[in-house]
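Trainee: Reading the sequence shown from the start, the letters are residues -9 to 105 in this note's numbering. Ideal Cβ positions, reconstructed from N, Cα and C, are used throughout, including at glycine. Predicted model only: the values in this text are computed from it and were never measured. I'd like to ask you about the structure that follows.
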Amino acid sequence: VQFVESGGGLVQPGGSLRLSCVASGFTFSDYAMNWYRQAPGKERELVATITSAGLTKNYADSVKGRFTISRDNAKNTVYLQMTSLRSGHTAMYYCNFYGGLNSYWGQGAPVTVST
């Protein structure tokens, strides 16, 4: 299993970023996918989840209305569109899925929201 995450970076408050996570090594379309984040000094938290076909999406209360999760099963890719970013969104963002008893994680995409 491998994930390649991209799209992170430095953005000013109010700006937008789109994270991408390209997956390989498993049947991507069979699994729900998640985005987590971990801010400095804090525990990792679930940000958004999308079911295998993309029909159902769930979000942490703190990002509802700002973030949108989506996927393209033909490209084995899950996305996180982030808008109206503020300093509290600064974190390392990870894509993830749970397969059986195992959890699989990307290497993380850093997002820094600052002037």
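For Ala81, which residues in the same chain have their Cβ closer than 7 Å to its Cβ, ignoring the five residues on either side in sequence?
Mentor: Excluding residues within five positions, the ones whose Cβ falls inside 7 Å are Arg27, Gln28, Ala29, Val101.
Trainee: Leaving out five residues on either side along the sequence, give the residues of the same chain with a beta carbon under 7 Å from the beta carbon of Gly(-3).
Mentor: Closer than 7 Å at the Cβ level, and outside the excluded window around Gly(-3), lie Leu7, Arg8, Leu9, Ser10, Ala99.
Trainee: Taking only three categories from DSSP, how would you classify Gly89?
Mentor: Note: Gly89 maps to strand in three-state DSSP.
Trainee: Residue ranges of each alpha helix (DSSP H) run of no fewer than 4 residues wholly in the segment 23 to 65, ordered along the chain?
Mentor: Here no run is fully enclosed.
Trainee: Can you give me the C-alpha to C-alpha distance between Phe(-7) and Val12, rounded to a whole angstrom?
Mentor: Rounded to whole angstroms, Phe(-7) to Val12 spans 6 Å at the Cα level.
Trainee: What residues in its chain sit with their C-beta under 6 Å from that of Tyr84, if we drop five residues either side in the sequence?
Mentor: Closer than 6 Å at the Cβ level, and outside the excluded window around Tyr84, lie Tyr26, Trp95, Gly96, Gly98.
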